[in-house]
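Q: Starting off with a structure, shown below.
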Amino acid sequence: MKRAGIELPKVRFPIIVRGGTLQDGHRARYVLNYSAKAPRLAYGYASGTELVCGRKVARGQQLELTSWGVAIGEEE
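Numbering-wise (our numbering), the sequence shown opens with residue 415 and increments by one.
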């Protein structure tokens, strides 16, 4: 997968990561928390804006999800 350029998320259930492309062509990462716990994890994607709270997010920055929450990162 690495040679093919397929990037696997470094998280496991109950955290799920999905990706897509927005209408403006920017990549988006959807980080979903299927748990009552509020985990912290390193954001492992290109820098951009976390759209739910409107704050900038950088690769490797700690991201805190709420219980049963979601974060949406729009890459620059």
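Virtual Cβ for every residue (Gly too), placed ideally from N, Cα, C.
Measure the Cβ-Cβ separation of Ala472 and Val445 and say whether it is below 7 Å.
A: Contact annotation: Ala472 and Val445 have beta-carbon atoms that are not nearer than 7 Å.
Q: Going along the chain, which residues of its own chain have a beta-carbon closer than 8 Å to the beta-carbon of His440, five neighbours each way excluded?
A: Gly462, Glu488, Glu489, Glu490
Q: Suppose the cutoff is 8 Å on Cβ atoms and the five residues either side in sequence are ignored; what does the same chain contact list for Trp482 look like?
A: Asn447, Tyr448, Ser449, Ala450
Q: To the nearest angstrom, how far is it from the Cα of Tyr457 to the Cα of Leu477?
A: Spanning the alpha carbons of Tyr457 and Leu477 requires a straight line of approximately 6 Å.
Q: If you drop the 5 nearest sequence neighbours on each side, which residues of the same chain put their C-beta closer than 8 Å to that of Gly474?
A: Ala456, Tyr457, Gly458
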